[in-house]
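Here is the structure we will look at, set down as structure tokens.
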Amino acid sequence: MPPNRPAYLLSALLLAAAAAAVGARRHASPAANATFAGEPVYLWPLPKSVSSGSRTLTVDPDLALDPQGLGGRSPAVAEAFQRYRGLVFAPWAHAARAGRARYDVTRLTVVVASANDTLALGVDESYAIYVAAAGGVDSIVGGAIIEANTIYGAIRGLETFSQLCVFNYDTKNVEVHNAPWHIQDEPRFAFRGLLLDTSRHYLPVDVIKQVIDSMSFAKLNVLHWHIIDEQSFPLEVPTYPNLWKGSYSKWERYTVEDAHDIVNYAKKRGINVMAEIDVPGHAESWGNGYPKLWPSPICTEPLDVSSDFTFEVIFGILSDMRKIFPFGLFHLGGDEVYTGCWNTTPHVRQWMDERKMTTKDAYKYFVLKAQELAIKLNWTPVNWEETFNSFEENLNPLTVVHNWLGPGVCPKVVAKGFRCIMSNQGVWYLDHLDVPWEDVYSGEPLAGISDREQQKLVLGGEVCMWGETADTSDVLQTIWPRAAAAAERLWSQLEAISAQDVETTVLSRLHRFRCLLNHRGVAAAPVTNYYARRPPVGPGSCFVQ
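Residues -24 to -1, 1 to 521 (mature numbering (1 follows the signal peptide of the UniProt record, and there is no 0)) make up the sequence shown, in order.
See below:
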């Protein structure tokens, strides 16, 4: 089947059921409206196509998984089902179940066409959901069905199904309101990322896993792990074991096993991990273990461009990391390279003079050589936009350019035939605490790009959680709920996003999603804070903060 196109196994069955129930339905347009009969659709991010009815269904606390298709019986689907059942039902739900009670939804059928569990950029994340009463007039299949081409589409469908399930405190039942539901969904962009910086402040593995869990709730699918920077080098590199002497302490490090654990944990939630080493700048911490990487004791970054040892270490790091990070993209940084001390370090200056190089030439040489090493290991290089701004005509054609300095960069990048990721710091840098959620929501990766072929070169976007003022105590409330605003921009159809009233429909839906995060144990800050991550200023419901 063609990639990225839904091809559901039971679509004819579902459409027949939908037609039989048309009298009881309210319908969405092909690009889902954010409201039905004046009520917001409390699904985040907004699906591509939604239709619903007016019934309330009860869901059995002993909800059973009925796996179908080649991929339905995969361990990843079974694990995801158990995770979501734990989120939907209270721990006491089974014990409180009435013995002879009748429930409308007693099983969840998950049909997955492919058993291939390869997780790569552009993997098919599409899915369809149908929810109706078992044996009812509006159902010829009963219960709930999720259909997907891949395991990862099924995982996205499970998240949406979990958001349809609401606990009724009066009856102590889990219910699905406005049934029957028929949802067809797929993401707008293949790359929907969150940068996490563990160099400025070390984050324990369990905290990183909490971030990964929260990303899956918003259907983000790339964790950009900015592991290393000038302040600390916390990662174990077996080939060069002294590198992590650059960590803050021996208790603020990641072993190879830790990194594998994080990658595997993320994969089970449909999230790729894109690692980064930022060269040649932002690398002072490397020299704590290997001082020869510094041009001199008073010139500790950029790394020594004149030394073969520098590139031997880079290749060693990349080779070791390639065994950990299977994702096809690798971030090589390349931003904020201040080359002045190369000029004032005699042996580096002599090396440049012998090659008739300026410091700009040496910067270009370094970036291109690092790209060659990454490509040799079958990685696609990602670089911050300064590389494009400085020498776009020399960049490897495979390069993905990562925008951050401001708007208007991706149009220039794709016009030259390169691919682009948007992270405009004016709207998508989460450490900018004075950027309100409305501005985050307004960020548009395709702004200024009208050519359809050039639009395809925009992979998506990424919100960035730089760690200078964020650690375990406040990282989650700095990320959320503002990251959710970008997540909907990256997943949902532009027509549906644009049709919503930001101050009413979107705000109400985002309040609800923030409360959902809180219920799931995610320390998401109030939505309408003037400064992000600030606690509430007084008593009140999470639905209006």
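The beta carbon of each residue, even a glycine, is placed where N, CA and C say it ideally should be.
Of the residues the options, which one's Cα is nearest the Cα of residue i?
i              : options                           : result
valine 249     : Leu171, Val416, Leu41 and Lys336  : Leu171
glycine 292    : Ala69, Lys226, Leu219 and Trp327  : Leu219
proline 383    : Thr82, Gly424, Tyr417 and Trp270  : Gly424
tryptophan 467 : Ala166, Asp189, Lys336 and Phe519 : Ala166
glycine 309    : Ile121, Thr481, Leu486 and Lys340 : Lys340
proline 37     : Arg61, Ala461 and Leu19           : Arg61
threonine 454  : Asp407, Thr481 and Val482         : Asp407
glutamate 444  : Arg176, Ala40 and Gly98           : Arg176
glutamine 431  : Pro67, Val403, Arg395 and Ser418  : Arg395
histidine 70   : Arg59, Gln58 and Leu39            : Leu39
glutamine 401  : Ala391, Gln476 and Ser418         : Ser418
proline 357    : Met333, Arg298, Ser90 and Val403  : Arg298
aspartate 337  : Thr126, Gly316 and Pro51          : Gly316
glutamine 160  : His307, Asn354 and Leu134         : Leu134
glycine 437    : Val482, Arg164 and Ala391         : Arg164
aspartate 254  : Pro156, Arg510, Asn359 and Leu199 : Asn359
arginine 49    : Lys352, His158 and Thr126         : Thr126
alanine 461    : Ala500, Arg428, Val451 and Asn154 : Ala500
glutamine 139  : Trp413, Glu162 and Ile105         : Ile105
According to DSSP, is residue i part of a helix, a strand, or is it coil?
i                 : result
serine 5          : Any reading at serine 5 must be qualified, since the residue scores a pLDDT of 42, below 50, and its modelled position is unreliable; no value is offered.
histidine 177     : coil
isoleucine 455    : helix
phenylalanine 394 : coil
glutamine 521     : coil
proline 421       : coil
alanine 40        : strand
isoleucine 159    : strand
isoleucine 351    : helix
serine 487        : Before going on, a small fix: residue 487 reads as histidine here, not serine. The answer is helix: DSSP assigns histidine 487 an H, G or I state.
arginine 325      : helix
proline 256       : coil
proline 16        : strand
isoleucine 300    : coil
tyrosine 103      : strand
tryptophan 220    : helix
serine 27         : strand
glycine 382       : coil
glycine 169       : strand
Using a Cβ-Cβ cut-off of 7 Å (strictly less than) and excluding sequence neighbours within five positions of residue i, which residues of its own chain qualify?
i              : result
glutamate 206  : His258, Ala259, Glu260, Ser261 and Glu277
alanine 463    : Pro21, Arg168, Ala194, Lys195 and Leu196
tryptophan 270 : Gly263, Thr276 and Asp280
tyrosine 507   : Leu409 and Asp410
arginine 496   : Leu63 and Phe193
alanine 446    : His177, Asp407 and Thr454
threonine 448  : Leu179, Pro180 and Val183
threonine 215  : Gly292, Ser295 and Asp296
Between residue i and the rest of its own chain, which residues show a CB-CB distance below 8 Å, the 5 nearest in sequence each way excluded?
i              : result
tyrosine 405   : Trp380, Ser399, Val411, Val439, Cys440 and Trp442
proline 273    : Pro267
cysteine 518   : His487, Arg490, Cys491, Asn494 and Pro502
serine 366     : Lys336, Tyr339 and Lys340
tryptophan 227 : none
Does residue i have its Cβ less than 8 Å from a Cβ in chain C?
i            : result
arginine 298 : Chain labels in this structure do not include chain C; a single protein chain is all it has.
Given that a residue counts as buried once 16 or more other Cβ atoms are within 10 Å of its Cβ, and exposed if not, what is residue i?
i              : result
serine 102     : buried
glutamate 362  : buried
lysine 24      : buried
serine 27      : buried
tyrosine 128   : buried
threonine 484  : Threonine is not the amino acid found at residue 484; the sequence shown has serine there. Classification for serine 484: buried.
proline 515    : exposed
glycine 75     : exposed
proline -23    : Its pLDDT being 35, under 50, proline -23 is placed unreliably in this model, and the value from its coordinates should be taken loosely. When all chains shown are included, proline -23 counts as exposed.
tryptophan 355 : buried
valine 520     : exposed
histidine 200  : buried
tyrosine 230   : buried
glycine 393    : exposed
glutamine 58   : exposed
lysine 332     : exposed
residue 522    : With the chain covering -24 to 521 only, the question about residue 522 has no answer from this structure.
alanine 350    : buried
I'd like to confirm something about residue i: is its beta-carbon nearer than 7 Å to some heavy atom of the ligand NAP, or not?
i              : result
tryptophan 270 : As presented, the structure is devoid of all ligands, the ligand NAP included, so that no description of it is given.
I'd like the list of long-range same chain contacts for residue i, defined as Cβ closer than 6 Å, with 5 residues on each side in sequence excluded.
i                 : result
residue 529       : Nothing can be reported for residue 529: it is not among the residues displayed for the chain, which extend from -24 to 521.
histidine 202     : Leu171, Asp173 and Glu252
phenylalanine 342 : Pro256 and Val281
arginine 510      : none
Three-pair Cβ contact test at 8 Å for the segment 364 to 378 versus the segment 284 to 301: no
Counting pairs of beta carbons, one from the segment 21 to 41 and one from the segment 77 to 90, are three or more of them closer than 8 Å? yes
Does the pairing of the segment 235 to 246 with the segment 178 to 191 give three or more beta-carbon distances under 8 Å? yes
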